[in-house]
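Undergrad: Residue numbers (the working numbering), protein chains in the order written: chain A, 1 to 355; chain B, 1001 to 1237.
Where is the CB? At the ideal position from N, CA and C, for every residue including glycine.
Could you have a look at this structure, given as structure tokens, before my questions?
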Ligand SMILES: [Zn+2]
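Here it is as structure tokens:
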């Protein structure tokens, strides 16, 4: 895994560490936002149980997740979800080879609940503690859904918080080829949607408006970052705002739908172009797109179309794996286990952890 | 009977191992906001130093506040998971009671700073219980403005009151002005000590008063701000 958890490696665990030809059972925990989740997996992608207790209804009346309320609920649900995950897997604590928890990014008060629990399990049973990056979890959710996916592969992960282009030789680790140097793709959608008064979240709002617009009505410049695989969306955002201001000054009426479609086309084009460039360079077998923005139909259409000439399959996660769960954390943890990427008991929560 | 005491309710990280009434070791470290990073490594360390393994524990005592919600959840999570894995009893104890049980005197007023001239307090009588040796909570834990304390305690004006914890100098001055008899304590006695927590936990567990680990939670003396705002806007529920 790219990001290591630092610290002195402990060597005297209860059992000899296993290799990939032996069965490895991991208890994984997740509480970074408003789902309290626990799972048990065998050898990474085989999910023996995947318990998710959602608090969505609890936060609905506030119009968003309230951190203190979420943290209180995580503490309440912790033992019940762990019990259920172990029971459904038919496993007891003593059968576990390792314990994992998300340690970021997310809400610090929530993260600390399962992180502390995982540390306690590690200490009590003398088994390795594995700290998992939540974003990596969402990516590995794809591999749970498509275990036969061929490697090496390129993954484009795009959401309100990140835009990362990753290369996987196998599932034991990844290389970051490029990322956004300013706004994340989802953030750009949100900002423009708000600017146009189309509402939140911006992705679906823009996509809907774009459906009745002409995508070639206005040409917005794509960022040129030379040879790199990085992304940039702040120039595009400024271009859209300038366009609107200029048209208003001239007293011209603006077609919101044309504008949304043209903006969306520019974002999709930037994402797809970088992806195709990487696909050619790295000669991969498959391509995965994940994260909230991966739900955008126009993006899927353009990427699938351009991948055709390279004879490559495009994968995106099924909807149920887009929500937070612990199985995806356990999947990452398995590969970290094989790499002996263990965390010390001093591991702290990192609310703004990056890939 | 080996009891581990865990206190992460205040700036002090407290850990103690008490073996059948005998203190094996104790940490009381003023670590401020480092409880998450330090608690488990320190438990591992105290076990190693004292030749104890987690599986040797017979019970857990954990401070349940008042205090920092995040800090409390760290200690309580640890206690719950240890209790669950080893099927051992867990007892949650008020941070105010830990302070009071470590102080001397018949009437004891433990205090924690609640900011903006307010304190969390409760009021205990040492020999107030007929059938056991636990302190009697004469006034339930609550928060109050410091200036309200003379009124709250007015029926005890003729008793000597031991004041312990935070804001003690300020509260003592006010009570003395109002003709109360008071005493305060030296620094080493003026904190929630982990050894007291572990001892109390052992006593409670021995008398059959352990908690249900599934129900155990911090003493939240305050509902979340978002809930308060919502209720002000829409009325309760
Ligand atoms: Zn997520």
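1) Can the beta-carbon of residue 229 of chain A be found closer than 8 Å to that of residue 277 of chain A?
2) Who does residue 1107 of chain B pair with in a DSSP beta bridge?
3) Roughly how many whole angstroms lie between the Cα atoms of residue 1135 of chain B and residue 1199 of chain B?
4) In three-state DSSP terms, what is residue 4 of chain A?
5) Nearest by alpha-carbon distance to residue 1169 of chain B: which of B:1119, B:1028, B:1197 is it?
6) Let me check one thing: in DSSP terms, what residues is residue 358 of chain A bridge-paired to?
7) Is any heavy atom of ligand 1 found at a distance shorter than 7 Å from the C-beta of residue 33 of chain A?
8) Name the two residues that bound the continuous alpha helix (DSSP H) containing residue 1206 of chain B.
9) Mind listing which residues have their beta carbon within less than 6 Å of any non-hydrogen atom of ligand 1? Chain order is fine.
10) Does the beta-carbon of residue 1207 of chain B have 16 or more other beta-carbons within 10 angstroms, so that it is buried, or is it exposed?
11) In the region 96–110 of chain A, which residues sit with their C-beta less than 9 Å from some C-beta in chain B, listed in chain order?
12) What's the gap between the Cα of residue 1012 of chain B and the Cα of residue 299 of chain A?
13) Just the Cα atoms here: how many angstroms apart are residue 40 of chain A and residue 1082 of chain B?
14) For chain B, find out if any of its Cβ atoms is closer than 8 Å to the Cβ of residue 36 of chain A; answer yes or no.
15) Listing by chain order, which chain A residues have their CB less than 9 Å from the CB of residue 1069 of chain B?
16) When we look at the beta-carbon of residue 134 of chain A and count the other beta-carbons within 10 Å, is it buried (16 or more) or exposed?
17) Name the DSSP beta bridge partners of residue 133 of chain A, please?
18) Sort out for me which residues DSSP pairs residue 41 of chain A with in a bridge.
19) Residue 35 of chain A by DSSP, collapsed to three states: which one?
20) How would you call residue 346 of chain A, buried or exposed, if buried means at least 16 neighbouring beta carbons within 10 angstroms?
21) Would you decide whether residue 128 of chain A is buried or exposed? Buried here means 16 or more other CB atoms lie within 10 Å of its CB.
22) So if I threshold CB-CB distances at 8 Å, which residues from the region 1071–1102 of chain B count as touching chain A?
23) Can you tell me the Cα-Cα spacing of residue 1037 of chain B and residue 1125 of chain B, whole angstroms?
24) Looking at the secondary structure, which residues open and close the beta strand (DSSP E) in which residue 157 of chain A lies?
25) To the nearest angstrom, how far is the alpha carbon of residue 338 of chain A from that of residue 1069 of chain B?
26) Using the beta-carbon of each residue, which ones in chain B are nearer than 7 Å to residue 123 of chain A?
27) Could you give the distance in angstroms between the alpha-carbon of residue 42 of chain A and the alpha-carbon of residue 326 of chain A?
28) Taking the alpha helix (DSSP H) that residue 168 of chain A falls in, what are its first and last residues?
29) Between residue 1226 of chain B and chain A, is there a C-beta pair that is closer than 8 Å?
30) Using only the alpha-carbon positions, how far apart do residue 335 of chain A and residue 258 of chain A sit?
31) Measuring straight from C-alpha to C-alpha, what distance separates residue 7 of chain A and residue 344 of chain A?
32) Between the Cα of residue 285 of chain A and the Cα atoms of A:328, A:301, A:307, A:293, which residue gives the shortest distance?
33) Go through its chain and collect everything with a Cβ distance to residue 1238 of chain B's Cβ below 8 Å, but skip five positions before and after it.
34) Round the Cβ separation of residue 267 of chain A and residue 188 of chain A to the nearest angstrom and send it over; I've been treating them as touching at under 8 Å.
35) Within a Cβ cutoff of 8 Å, which residues of the same chain sit near residue 1056 of chain B, ignoring the five residues on either side of it in sequence?
TA: Taking the definition as stated:
1) Yes.
2) BP columns for residue 1107 of chain B point to B:1125, B:1161.
3) Take the alpha-carbon of residue 1135 of chain B and the one of residue 1199 of chain B: they are about 13 Å apart.
4) Its pLDDT being 46, under 50, residue 4 of chain A is placed unreliably by the model, and nothing is read from it.
5) Nearest option by C-alpha distance: B:1119.
6) Past the boundaries of the shown model lies residue 358 of chain A; chain A is included only from 1 to 355, so the question cannot be answered.
7) Yes, Cβ of residue 33 of chain A sits closer than 7 Å to a heavy atom of ligand 1.
8) Where residue 1206 of chain B is concerned, the enclosing alpha helix (DSSP H) stretches over 1194–1206.
9) Spelled out in chain order, the answer is A:134, A:138, A:324.
10) Exposed, since its Cβ has fewer than 16 Cβ neighbours within 10 Å.
11) If the cut-off is 9 Å between Cβ atoms, the region 96–110 of chain A has 108, 109 near chain B.
12) Rounded to the nearest angstrom, the gap between the Cα atoms of residue 1012 of chain B and residue 299 of chain A is 53 Å.
13) Rounded to whole angstroms, the separation of the alpha carbons of residue 1082 of chain B and residue 40 of chain A is 19 Å.
14) With 8 Å as the cut-off, residue 36 of chain A does not count as an interface residue toward chain B.
15) The CB of residue 1069 of chain B comes closer than 9 Å to the CB of 68, 71, 72, 109 in chain A, given here in chain order.
16) The residue in question, residue 134 of chain A, is buried, as its Cβ has 16 or more Cβ neighbours within 10 Å.
17) Looking at the DSSP assignment, residue 133 of chain A forms a beta bridge with A:104.
18) DSSP output for residue 41 of chain A lists A:26, A:47 as bridge partner(s).
19) DSSP places residue 35 of chain A in strand when its eight states are reduced to three.
20) Residue 346 of chain A is buried by the Cβ-count criterion.
21) Counting the other CB atoms within 10 Å of its CB gives residue 128 of chain A a total of 16 or more, which places it among the buried residues.
22) Under the 8 Å Cβ criterion, the region 1071–1102 of chain B contributes 1073, 1074, 1076, 1077, 1078, 1080, 1081, 1082, 1084, 1085, 1086.
23) Here the C-alpha atom of residue 1037 of chain B lies approximately 37 Å from the C-alpha atom of residue 1125 of chain B.
24) Residues 153–158.
25) Cα-Cα distance, rounded: 36 Å.
26) Neighbourhood of residue 123 of chain A in chain B, by CB distance below 7 Å: 1040, 1043, 1044, 1054, in chain order.
27) Rounded to the nearest angstrom, the two C-alpha atoms are 13 Å apart.
28) For residue 168 of chain A, there is no enclosing alpha helix (DSSP H); the residue is part of the beta strand (DSSP E) that begins and ends at 163–168.
29) Proximity of residue 1226 of chain B to chain A, defined by a Cβ-Cβ separation below 8 Å, is satisfied.
30) Taking the straight line joining both Cα atoms gives about 46 Å.
31) Summary for residue 7 of chain A: the model assigns pLDDT 47, below 50, so the residue's position carries little reliability, and this model does not support an answer.
32) Ranking the options by Cα distance to residue 285 of chain A, first place goes to A:307.
33) With chain B covering 1001 to 1237 only, the question about residue 1238 of chain B has no answer from this structure.
34) At roughly 6 Å, the Cβ-Cβ gap stays under 8 Å, so residue 267 of chain A and residue 188 of chain A are in contact.
35) Result list for residue 1056 of chain B: 1002, in chain order.
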